[in-house]
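Asks: With the working numbering applied, the sequence shown covers 120 to 184.
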Amino acid sequence: QELESFRHTFSHYHLDIHPHVVMSSDKMAPANVMDAQSRFFKLHQQPEVGIAAPVKRIMQSLLSL
120 QELESFRHTF
130 SHYHLDIHPH
140 VVMSSDKMAP
150 ANVMDAQSRF
160 FKLHQQPEVG
170 IAAPVKRIMQ
180 SLLSL
């Protein structure tokens, strides 16, 4: 499922974002794909780490589905 595309601008850079929702099976649950550089959290919970503005926007879009 394609979410609404948008442009994120910072400094003199433009990032055109075209987010898509991809469903996976339970076999790809976070416990199976954890590594030192990944963090997983429930979408409706506030994460303990900083989240980039465009990622926050995508997360809000997902909450409204």
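For each residue, glycine too, the CB sits at the ideal point set by N, CA and C.
Since the structure is predicted, the reported quantities are computational estimates derived from the model, not experimental observations.
Which stretch, first to last residue, makes up the beta strand (DSSP E) that contains L181?
Replies: Not the beta strand (DSSP E): L181 falls in the alpha helix (DSSP H), residues 172-182.
Asks: For the beta strand (DSSP E) that H139 lies in, which residues bound it at each end?
Replies: That residue, H139, is in no beta strand (DSSP E); it is neither H nor E in DSSP.
Asks: Who are the near neighbours of P166 in its chain, counting only those whose CB is closer than 8 angstroms to its CB and skipping five residues on each side?
Replies: Excluding positions up to five away in sequence, the list reads R158, F160.
Asks: Among the residues of its own chain, which have a CB less than 6 angstroms from the CB of V140, if the five just before and after it don't count?
Replies: Q120
Asks: What's the gap between the Cα of L162 and the Cα of A155?
Replies: 20 angstroms
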